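Counting from 1 along the sequence shown, just add 3 to a position and that's the residue number in our numbering.
Positions of the beta carbon are idealized from the N, C-alpha and C atoms, including for glycine.
All values reported here derive from a predicted model rather than from experimental measurement.
Working notes, beginning with the structure itself.
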Amino acid sequence: MFAVLLGGLTFVIATVGINIVANFISPAFDFSNVSPQKISWRMGGMIAAVGSVILTPWNWYSNDDAIHYTLGVLGALIGPLFGILIAGYYLVGKQKVWVEDMYTMKPSGKYWFRNGYNPNAVKSVAISGVVSIASVLIPKALLDSGATTVNATWIGNYSWFLGCALGLLTFWYFEKRSPMINLEPNGVEVNDGALA
Numbered sequence: 004m005f006a007v008l009l010g011g012l013t014f015v016i017a018t019v020g021i022n023i024v025a026n027f028i029s030p031a032f033d034f035s036n037v038s039p040q041k042i043s044w045r046m047g048g049m050i051a052a053v054g055s056v057i058l059t060p061w062n063w064y065s066n067d068d069a070i071h072y073t074l075g076v077l078g079a080l081i082g083p084l085f086g087i088l089i090a091g092y093y094l095v096g097k098q099k100v101w102v103e104d105m106y107t108m109k110p111s112g113k114y115w116f117r118n119g120y121n122p123n124a125v126k127s128v129a130i131s132g133v134v135s136i137a138s139v140l141i142p143k144a145l146l147d148s149g150a151t152t153v154n155a156t157w158i159g160n161y162s163w164f165l166g167c168a169l170g171l172l173t174f175w176y177f178e179k180r181s182p183m184i185n186l187e188p189n190g191v192e193v194n195d196g197a198l199a
């Protein structure tokens, strides 16, 4: 009996610990990093906690489509971010990283851009995110409304890939047109991800 209780307690503690690390700490840091001067880590955690209650994810499990489309939209937003990161490192930045500038909030840092945000990246996320989210939602809406009898909802399964490709291409285009990433050395540069 003791072994059963100990095993059950172990699973409960492990589940709570994993959920705290996976579902609380990361969003707390994410919200804090949006505006570090105004949002502390604790405030970021409170935003994540309140947001998780407002979204009521426990209600999603009663509807299979809700989970499917939630994951589709999430993938549609993560794909463009990945594409922008790949384009920024390989195509625009030529595999060069300025390590010291990555960890500074000073306007003189290479990665400061405009108030800490790269406008080309923001535009790329907006454009590719809208298109890839539309690839998830529009086919289902057209089918449900009776506007079409063709079931094209399978397109939403590729929203991550669509968003990734669009994010990469739009960011590369915007950086070619009006570059924000400065390749001129002003500090210790590390090539190809090697440690200095």
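Cβ-Cβ separation, residue j to residue i (assumed contact under 8 Å), whole Å
{"i": "V139", "j": "A79", "result": "5 Å"}
{"i": "C167", "j": "F32", "result": "Wrong, their Cβ atoms sit about 24 Å apart, outside the cutoff."}
{"i": "A51", "j": "F34", "result": "6 Å"}
{"i": "N121", "j": "M183", "result": "5 Å"}
{"i": "F14", "j": "G48", "result": "That belief does not hold up - the Cβ atoms of F14 and G48 are roughly 25 Å apart, past 8 Å."}
Residue i, enclosing beta strand (DSSP E) - first and last residue
{"i": "W61", "result": "Premise fails: W61 is in no beta strand (DSSP E) and is neither H nor E."}
{"i": "W157", "result": "Run containing W157: none; DSSP gives neither H nor E here."}
{"i": "K99", "result": "K99 to W101"}
Per-residue burial, residue i [other beta carbons within 10 Å of its own, 16 or more giving buried]
{"i": "T59", "result": "exposed"}
{"i": "N200", "result": "Examination of residue 200 is not possible in this model, given that the chain is present from 4 through 199 alone."}
{"i": "S135", "result": "buried"}
{"i": "L165", "result": "buried"}
{"i": "W163", "result": "buried"}
{"i": "A124", "result": "buried"}
{"i": "N22", "result": "exposed"}
{"i": "K113", "result": "buried"}
{"i": "W61", "result": "exposed"}
{"i": "G11", "result": "exposed"}
{"i": "A6", "result": "exposed"}
{"i": "L153", "result": "As written in the sequence, residue 153 is Val, which differs from the Leu given in the question. Under this definition V153 is an exposed residue."}
{"i": "V95", "result": "buried"}
{"i": "S181", "result": "exposed"}
Residue from the options whose Cα sits closest to the Cα of residue i
{"i": "Y161", "options": "S38, G47, N66 and G82", "result": "G82"}
{"i": "D68", "options": "T156, S181 and S38", "result": "T156"}
{"i": "L88", "options": "G20, L169 and F5", "result": "L169"}
{"i": "W115", "options": "L165, Q98 and N185", "result": "N185"}
{"i": "E178", "options": "G112, A150, S148 and Y93", "result": "Y93"}
{"i": "S38", "options": "L77, N118 and G112", "result": "N118"}
{"i": "G159", "options": "V133, I16 and K97", "result": "V133"}
{"i": "G54", "options": "P30, S181 and N154", "result": "P30"}
Limits of the alpha helix (DSSP H) - the one that residue i falls within
{"i": "N22", "result": "F5 to I23"}
{"i": "Y72", "result": "D67 to I89"}
{"i": "A129", "result": "P122 to S148"}
{"i": "F27", "result": "Here F27 belongs to no alpha helix (DSSP H), and DSSP marks it neither H nor E."}
Any non-hydrogen atom of the ligand ADP within 8 Å of residue i CB
{"i": "A150", "result": "Questions concerning the ligand ADP fall outside what the structure shown contains, since it holds no ligand whatsoever."}
**Message:** Count Cβ pairs between the region 171 to 183 and the region 123 to 136 that sit closer than 8 Å; are there 3 or more?
**Reply:** yes
**Message:** Assess contact between the region 139 to 157 and the region 58 to 78, defined as three or more Cβ pairs (one per stretch) separated by less than 8 Å. Is contact present?
**Reply:** yes
**Asked** Are the region 97 to 107 and the region 143 to 155 touching by the rule of at least three beta carbon pairs closer than 8 Å?
**Response** no
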